[in-house]
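Taking full-length UniProt numbering, the leading residue of the sequence shown gets 1, the next gets one more, and so forth.
From the three backbone atoms N, C-alpha and C, an ideal C-beta is built for every residue, glycine too.
Below: the structure, in structure tokens.
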Amino acid sequence: NHHASSIFKLLRDKRHNIWSNMDKNEYRTFRSLVISLVLATDMANHASLVERMSTYFFFKETNSATALPDSKTLLQTLLHAADISNATKPWPIYVQAVEKIMEEFFIQGDLEKIYCEDDKPTFDRDSTDIVQLQMSFITHIVNPIFDVLSKVLQIDCLDHKQKESSSSATTTTTTTTTTTKLPWQYDLQLNLETWKQVAKSGDVQKLIIDKKPLKLDLIYLQEYVEKAEKILKKRSQHDLLLACTLTSS
1 NHHASSIFKL LRDKRHNIWS NMDKNEYRTF RSLVISLVLA TDMANHASLV
51 ERMSTYFFFK ETNSATALPD SKTLLQTLLH AADISNATKP WPIYVQAVEK
101 IMEEFFIQGD LEKIYCEDDK PTFDRDSTDI VQLQMSFITH IVNPIFDVLS
151 KVLQIDCLDH KQKESSSSAT TTTTTTTTTT KLPWQYDLQL NLETWKQVAK
201 SGDVQKLIID KKPLKLDLIY LQEYVEKAEK ILKKRSQHDL LLACTLTSS
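This is the structure in structure tokens:
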């Protein structure tokens, strides 16, 4: 695997050699772990990782007996999530990543047109709907794994707080899960809502300034970012009002 090979090539550099003090057994274990983490970033493993983490969350939430996912599974999930995390970043960073990644896909499509004449390219720069593609990727790939990570992290943070509380002199017991927003949640919602607003406008073609290399109209898109921000603000206010109403009743 190219990525695994690149990692070990980098780590052989004296400046980055973190295994210099490992014995042979430790090195074998470390190497095996790194390779398994790299292979876990393959999208073929996505559903399995989400399922394993979701199972842990379900049993944890229902107070059923279950063990914390093994450290390898947690590391695999975190690395895979990081690998597909562009949509969780602030819009200015995310949209630049969209341009670069889609151009990479389109270059692949251009080559497929040349060398695979009988097959339709996977990504055709002349016909691929970038907006629908991003919406689908966020909804079906990014959201599920970050949603389960959010739940697991929030529950474990709550467990930690409860343990600290129980060991103090003034113990207060609570079973309510924390609702604190994690850093990526707002940006992920905003980016998805922005694409939804672009799709609703019917002016999708206007967002492309140049097809080769791909260049998006960031000024045009900013209008929809602002619309999305207003929608999320209203949604947040509505949720807060609903929560207050339920609490008072």
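- The three-state secondary structure of Ile-93, taken from DSSP, is helix.
- If you check the CB distance, Lys-89 and Trp-19 do not come in under 9 Å.
- Here Lys-215 is bridged, per DSSP, to Asp-210.
- Annotation: Ala-81 to Tyr-220 spans about 29 Å, alpha carbon to alpha carbon.
- If you check the CB distance, Glu-103 and Leu-214 come in under 9 Å.
- Lys-206 is not a Cβ neighbour of Arg-125, given a cutoff of 9 Å.
- Non-local beta-carbon contacts of Leu-11 in its own chain, meaning distances under 8 Å to residues more than five positions away in sequence, involve Asn-17, Ile-18 and Trp-19 in chain order.
- Contact check for Leu-192 and Glu-99: beta-carbon distance about 18 Å, past the 8 Å limit, so the pair fails to qualify.
- For Phe-137, the uninterrupted alpha helix (DSSP H) run begins and ends at 130-137, by DSSP.
- Nearest C-alpha to Val-131 among Ala-44, Thr-41, Trp-195 and Val-225: Trp-195.
- Scanning its chain for C-beta atoms nearer than 7 Å, with the 5 sequence neighbours on each side dropped, one finds around Gln-197 the residues Tyr-224, Lys-227 and Ala-228, in chain order.
- If you draw a 10 Å sphere on the C-beta of Gln-134, you find 16 or more other C-beta atoms in it, and that means buried.
- Here Thr-139 is exposed, its C-beta having fewer than 16 other C-beta atoms within 10 Å.
- A distance below 6 Å between beta-carbons, with the five flanking residues on each side excluded, links Ser-32 to no residue of its chain.
- If the five residues before and after Ile-107 are omitted, its C-beta is found closer than 6 Å to no C-beta atom of its own chain.
- Taking the CA atoms as reference points, Ile-84 sits about 7 Å from Val-142.
- In the displayed model, Gly-202 falls within coil according to three-state DSSP, outside both helix and strand.
- For Ala-40 against Leu-74, the beta-carbon gap comes to about 11 Å, at or over 8 Å, which does not count as contact.
- When rounded, the separation of the alpha-carbon atoms in Asp-13 and Ser-5 is 13 Å.
- Following the DSSP letters along the chain, one finds Arg-31 inside the alpha helix (DSSP H) bounded by residues 24-40.
- Residue range 71-83 is occupied by the alpha helix (DSSP H) that includes Leu-75.
- About 17 Å separates the CB atoms of Met-43 and Leu-149; that is not less than 8 Å, and the two are not in contact.
- Taking C-beta atoms under 8 Å as the contact rule, Ala-87 and Leu-182 fail to qualify, at a distance of about 14 Å.
- Residue state for Asn-17 is assigned as coil, using DSSP reduced to three classes.
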